[in-house]
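J.: Protein chains in written order, with the numbering used here: chain A, 275 to 543; chain D, 9 to 306.
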Amino acid sequence: MSFKQKVALAILGIAVAASLGAGLLAQSPYSEQFRDAISAPPSAHFWLGTDELGRDRFSRLLYGTRVSLLLAPAAALLATLIAALIGGAAGYLGGRWERFVTAGVDLFLSLPWLFLLLAVRALLPLNTSPVTSVIITFLLLGCLGWAAPARMIRAGTRMLVNSDFLVQASASGVSRWRLFWRHLLPNLRPILLAQFWISIPLFILSEANLGLLGLGVSEPLPSWGAMLRDLENYSAVLQNPWILAPAILLVAVVGCLQLLLRTEDSVAC
Amino acid sequence: MLSALLLRQAMRIMLTVLLGGLLGATLVRMGPGFGVDERELDSRLSADSQQAIRAERAKENNIALFYARYLGGFIHGDFGFSRSLNRPVAELLRQRLPLTLASLGYGVFGGASMGLALALLTVWWRAPGMDVASALLSGLCLAAPAAIIALVLLWMGAASRWAIALVVFPHVYRYAKNQLVATAQSPHVVAAEAKGLSSWRVLWAHVFTPAAPQLAALAGISVSLAFGASIPIEVICDTPGVGQLAWRAAMDRDLPLLVTITVLVALMTMVVNSLADLGLAAWKNGAAPPASAGSAPA
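1. Taking Cβ positions only, does V170/D come closer than 9 Å to chain A?
2. Mind checking the region 110 to 125 of chain D against chain A and listing, in chain order, the residues whose C-beta falls within less than 9 Å of any C-beta there?
3. Looking at C-alpha atoms only, which residue of L440/A, A393/A, L466/A is the closest neighbour of F454/A?
4. Tell whether a beta-carbon distance below 9 Å holds between S116/D and A284/D.
5. Report the neighbours of F235/D on chain B: residues whose CB is nearer than 7 Å to its CB, in chain order.
6. Could you spell out the range, first to last residue, of the alpha helix (DSSP H) harbouring L508/A?
7. For N514/A, count the other beta carbons within 10 Å of its own beta carbon; 16 or more makes it buried, fewer makes it exposed. Which is it?
8. How big is the Cα-Cα spacing for D246/D and A155/D?
9. What are the boundary residues of the alpha helix (DSSP H) that includes C417/A?
10. So, is P305/D buried or exposed, given that buried needs 16 or more other C-beta atoms within 10 angstroms?
11. State the Cα-Cα distance for the pair P298/D and L10/D, rounded to the nearest angstrom.
12. Is DSSP giving P464/A helix, strand or coil here?
13. Using the C-alpha atoms, what's the distance from D438/A back to L462/A?
14. Once the 5 residues before and after G488/A are set aside, which same chain residues still bring their CB inside 8 Å of it?
15. Measuring only between beta-carbons, confirm whether E506/A sits less than 9 Å from chain D.
16. For Q279/A, would you say it is in contact with chain D, using Cβ-to-Cβ distances shorter than 9 Å as the test?
17. Measure the Cβ-Cβ separation of G365/A and G430/A and say whether it is below 9 Å.
18. Note down, in chain order, every chain D residue with its Cβ under 9 Å from the Cβ of Q513/A.
19. Check whether the region 263 to 283 of chain D and the region 380 to 395 of chain A are in contact - that is, three or more C-beta pairs closer than 8 Å.
20. Does G338/A come within less than 9 Å of chain D when only Cβ atoms are used?
21. Return no unless some Cβ of chain A is closer than 9 Å to the Cβ of T24/D.
22. Would you say Q307/A lies against chain D (beta-carbon separation less than 9 Å)?
23. Would you mind reading off the limits of the alpha helix (DSSP H) that contains Y304/A?
24. Note down the Cα distance separating Y183/D from F177/D, rounded to an integer number of angstroms.
25. Please report whether the beta-carbon of Q532/A lies at a distance below 9 Å from any beta-carbon of chain D.
26. For chain A, find out if any of its Cβ atoms is closer than 9 Å to the Cβ of N281/D; answer yes or no.
27. DSSP three-state call for S51/D: helix, strand or coil?
28. For F389/A, tell me which candidate among V180/D, A254/D, A120/D has the shortest Cα-Cα distance.
29. Please report how far the alpha carbon of L531/A lies from the alpha carbon of S449/A, in whole angstroms.
30. Whole angstroms are fine: how far does the CA of F308/A sit from the CA of L188/D?
31. Whose Cβ in chain D lies nearer than 9 Å to the Cβ of V290/A?
32. Are the C-beta of L205/D and some C-beta of chain A separated by less than 9 Å?
33. Verify the contact flag: F82/D, CB atom, against every heavy atom of the ligand GTP, threshold strictly below 8 Å.
34. Give a yes or no on whether the minimum CB-CB distance between R334/A and chain D is below 9 Å.
35. At the 9 Å Cβ level, is A173/D part of the contact set with chain A, yes or no?
36. Given a cut-off of 9 Å, decide if R91/D and P221/D are closer than it, judged by their beta-carbon atoms.
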């Protein structure tokens with residue numbers, strides 16, 4: 275691991291630790307409204323000031339980081355599992371099933387990602403409780419983000435199925451089930467891990483875009499996407515540059531993940 | 009080989025139209041307000057007229073007939089009616105598509121040119137500080153959501169098409185850089201340099217030309233990326249394009265409009281991808297030596 279990657283890991287570690295310790299670090303709950311301190315500048319009590327409803331921006335940033343940083347990996351895990359199931363089965367079984375899955379994946383990938391997200395999100399109820407909106411947003415990301423990983427996993431599985439050690443194991447009379455669990459799956463682990471890591475920044479960015487468009491996590495629950503909506507008011511950003519904190523944190527975290535991914539990419543190859 | 013590829017791509021596009029048409033028809037049928045005709049409340053209409061209206065609508069209850077009619081309309085350019093904007097979808101698309109396509113054209117061309125130029129400056133001419141600057145710029149563009157890029161450009165007073173270019177640029181830059189590094193280190197390039205060929209000639213004939221098909225294949229991916237980015241960019245920059253239309257349709261839950269836009273965008277992406285694939289195949293066919301050329305005479 276290079277020096278840059280160590281720094282990236284440290285920044286990510288601090289962000290995750292701060293979001294997990296939000297209850298300890300934040301001086302007030304994320305939804306509490308201080309009516310006597312509306313749009314207040316940073317102070318000893320409100321480290322990043324307050325928003326137009328008088329809510330502590332620092333507290334919202336910490337809790338928003340928790341939502342985005344914990345649920346994006348969960349969605350990535352779901353997407354990787356679906357991809358492993360579909361892509362793995364296609365590569366393992368081959369024949370018609372493989373052709374069918376490949377055609378399906380190609381079709382799925384021809385849809386631009388945000389258009390697909392928007393279309394499916396609009397099918398689901400828009401006026402939901404904040405918790406439901408979080409579940410819908412990240413389930414959607416997990417359920418729709420399987421296609422690209424499935425293509426990689428299918429190719430990896432196909433390569434393994436045709437490898438000498440698996441052909442030999444098969445010829446020795448090892449059952450298909452055992453072949454899959456004991457020989458195929460452990461060797462697929464690096465590809466699965468790489469696909470999992472690759473999906474995380476993609477899902478964080480997608481949530482941010484959806485949130486900015488008003489189709490992400492509902493208020494008063496904070497998320498990076500929802501907090502970025504404050505940036506639409508240019509004059510407010512000029513007067514209160516600390517509003518930029520969620521955008522800076524988002525870019526820093528995704529940038530760190532991209533830096534770390536270079537190692538994962540090399541593992542996947 | 010080329011005709012087989014053409015057939016496969018045509019089948020893929022046809023399948024998308026069929027699936028998209030079915031999806032759109034299902035959503036129209038299941039959508040709120042289907043089967044309701046406000047003319048029934050018009051007291052000026054006689055009982056016979058109202059009966060005729062009901063009979064006309066009853067035909068649409070036959071699912072197979074409805075699907076066939078919807079699909080027929082879709083193929084002939086009748087994309088249905090937008091409930092939220094109270095206008096035909098085809099008319100809305102006619103107004104907004106040219107603007108989005110122009111932005112996409114500028115954006116993809118600008119992003120690809122920027123990516124290629126920076127990759128060449130970094131790999132080939134090894135301009136001092138260029139590697140760090142390019143890596144920083146591409147990393148920043150890759151880590152920022154399209155909406156943030158659009159906001160920053162809006163603050164700077166730049167055109168929204170530059171936001172699309174900045175979304176496309178890091179992907180082209182990274183791919184082009186990897187391709188150029190791999191080609192520049194290959195033995196035939198080292199040999200050409202050792203023979204004293206000019207830097208430009210080595211670059212054009214031995215580095216860029218062999219890598220061109222792979223770089224051209226990026227066109228399809230770039231178009232898909234640019235279409236996706238056009239939604240937040242057009243919404244943030246208040247550009248009346250297809251991306252903004254899709255967002256409004258999603259917010260108003262105008263599902264027929266949204267599905268029609270999505271299917272059309274998918275079709276356009278597929279056509280560009282198919283053209284890139286066909287171009288690549290034609291290039292390979294043209295570049296491949298005849299079967300007997302390389303072999304020794306029997």
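Built from N, CA and C at the ideal position, the CB exists for glycine as well.
T.: On the basis of the data shown:
1. In the sequence as displayed, the identity of residue 170/D is Trp instead of Val. So, not an interface residue.
2. Hits within the stretch: zero.
3. Answer by Cα proximity: L440/A.
4. Per the sequence shown, the amino acid found at residue 116/D is Val instead of Ser. No; because the gap between Cβ atoms is not below 9 Å, this pair is not in contact.
5. Judged by its chain identifiers, the structure shown contains no chain B, and its protein chains are A and D.
6. Checking the sequence, you will find Tyr at residue 508/A rather than Leu. Segment 508 to 513, the alpha helix (DSSP H) holding Y508/A.
7. Answer is buried; the Cβ neighbour count reaches 16.
8. Distance between the alpha carbons of D246/D and A155/D: 12 Å.
9. Residues 404 to 418.
10. Because the pLDDT of P305/D is 37, which lies under 50, any placement of that residue in the model is unreliable, and the number read from its coordinates should be weighed accordingly. Classification of P305/D: exposed, given that the 10 Å Cβ count is below 16.
11. Only weak support exists for where P298/D lies, its pLDDT of 47 falling under 50; the coordinates are left without a value.
12. It is helical.
13. So the alpha carbons of these two residues sit roughly 15 Å apart.
14. Within the same chain, G488/A has close Cβ partners R503.
15. Closer than 9 Å: yes.
16. Taking Cβ atoms only, chain D never reaches closer than 9 Å to Q279/A, which makes this a no.
17. Yes, they are a contact pair.
18. Going along chain D, no residue has its Cβ under 9 Å from Q513/A, so there is no contact; the nearest lies around 13 Å.
19. Enough Cβ pairs lie closer than 8 Å, so yes.
20. No, no contact with chain D.
21. Yes, T24/D counts as interfacial toward chain A.
22. Not one chain D Cβ lies under 9 Å of Q307/A.
23. Unbroken run through Y304/A: none, as it is neither H nor E.
24. For Y183/D and F177/D, the distance between alpha carbons rounds to 10 Å.
25. Using a CB distance cut-off of 9 Å, Q532/A counts as an interface residue toward chain D.
26. At a cut-off of 9 Å between beta-carbon atoms, N281/D makes contact with chain A.
27. DSSP places S51/D in coil when its eight states are reduced to three.
28. The option with the nearest alpha carbon to F389/A is A254/D.
29. Roughly 40 Å separates the two Cα atoms.
30. For L188/D and F308/A, the distance between alpha carbons rounds to 57 Å.
31. Neighbourhood of V290/A in chain D, by CB distance below 9 Å: empty, with the nearest CB roughly 17 Å away.
32. No, no contact with chain A.
33. With respect to the ligand GTP, the structure shown offers nothing to examine, as it has no ligands at all.
34. It does not: the Cβ of R334/A has no partner Cβ on chain D nearer than 9 Å.
35. By this cut-off, A173/D is not an interface position.
36. Cβ atoms of P221/D and R91/D: not closer than 9 Å.
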